[in-house]
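Okay, structure first, notes after.
Numbering (mature numbering (1 follows the signal peptide of the UniProt record, and there is no 0)), first residue to last: -23 to -1, 1 to 262.
In structure tokens, the structure reads:
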């Protein structure tokens, strides 16, 4: 009896790679690379064995291919999640350091204000303390702006990944539907797509260029955050000036209240108190 021909490992590799390519699994290019590596490692050993060994080698090749496929599919989301977690942790650590620096500057500023109130000339000391605080906070504010910009870029990249993944899923779904209904007329499919697109509201219409739309959203978000940062900085400057004016007014009031009387100024004259006889000598009404 003539035994059935057995495929060589290289032929099986080509068949599996072609199957993956024909299935259009473009989102998992790493799967095909892993598959080629696994098949290449096993093909050399399986080709030198007996016919039964070749069959066992083919089973090992298939198992290696499936293992590579599973590991790639599982590891890609895990790696993406790990990178996102690492970015979030780094941003939180940076913000914690900036908060600590800001608290240290505020503590030193409060100590300077407390020392200024013990001096005879208060206004000049308060102005110097306020100027020092502004200069000390300037690099901290610049670092905060950089952290905000970094987080915006990270959020934009994550949003682009989500949009690309959704577009890929939609494309694969359309290709799968087109493959199952390949016998239908092209005109009928075109009219059905036009009708479904017309039913969608304007907010659900597909975007012609998702990348340009995402860039526009990023520019608008960056402009809004810059304006918000400018408003916060202006409000902080106004509040600091108001506090400085209040402290200066209070210091002037305390200074005038504690000022001693002028010794050269004569005391006010007091009228003499009339005696009882003088009061009786007054003419009656």
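Where a beta carbon is used, it is the ideal one built from N, C-alpha and C, also for glycine.
Cβ shell of residue i (< 8 Å), same chain only, five flanking positions each side left out
i, result
"residue 228", "94, 99, 100 and 103"
"residue 129", "195, 198, 199 and 202"
"residue 225", "99, 100 and 103"
"residue 144", "187"
"residue 126", "199"
"residue 135", "61"
Beta-carbon contacts of residue i that lie in its chain and below 6 Å, excluding the five residues immediately before and after
i, result
"residue 195", "133"
"residue 153", "none"
"residue 156", "none"
"residue 146", "none"
Rounded Cβ spacing between residue i and residue j (contact assumed at less than 8 Å)
i, j, result
"residue 124", "residue 71", "5 Å"
"residue 89", "residue 77", "In fact, because the Cβ distance is near 19 Å, the residues do not count as touching under 8 Å."
Length of the line joining the Cα atoms of residue i and residue j
i, j, result
"residue 61", "residue 67", "10 Å"
"residue 80", "residue 217", "16 Å"
"residue 255", "residue 249", "12 Å"
"residue 139", "residue 131", "12 Å"
"residue 64", "residue 137", "17 Å"
"residue 233", "residue 97", "12 Å"
"residue 142", "residue 111", "46 Å"
"residue 210", "residue 84", "19 Å"
"residue 109", "residue 212", "18 Å"
"residue 114", "residue 86", "11 Å"
"residue 221", "residue 204", "26 Å"
"residue 207", "residue 148", "43 Å"
"residue 192", "residue 73", "30 Å"
"residue 82", "residue 235", "32 Å"
"residue 92", "residue 215", "23 Å"
"residue 219", "residue 69", "32 Å"
"residue 257", "residue 251", "10 Å"
"residue 231", "residue 223", "12 Å"
"residue 260", "residue 253", "14 Å"
"residue 15", "residue 150", "Note that residue 15 scores 46 on pLDDT, short of 50, meaning its location in the model is unreliable; the coordinates nonetheless yield the value given after this. Using only the alpha carbons, I get a separation of about 29 Å."
Residue-chain proximity (residue i, chain D), Cβ-Cβ < 8 Å
i, result
"residue 215", "Among the protein chains of the structure shown there is no chain D, as only one such chain exists."
Same chain only: Cβ atoms within 7 Å of residue i, ignoring 5 sequence neighbours per side
i, result
"residue 75", "117, 120 and 121"
"residue 175", "With a pLDDT of 48 at residue 175, under the threshold of 50, the modelled position of that residue is not reliable, and no figure is offered here."
- request: Counting only runs of 4+ residues fully inside the segment 120 to 153, write out the alpha helix (DSSP H) ranges in chain order.
  value: none
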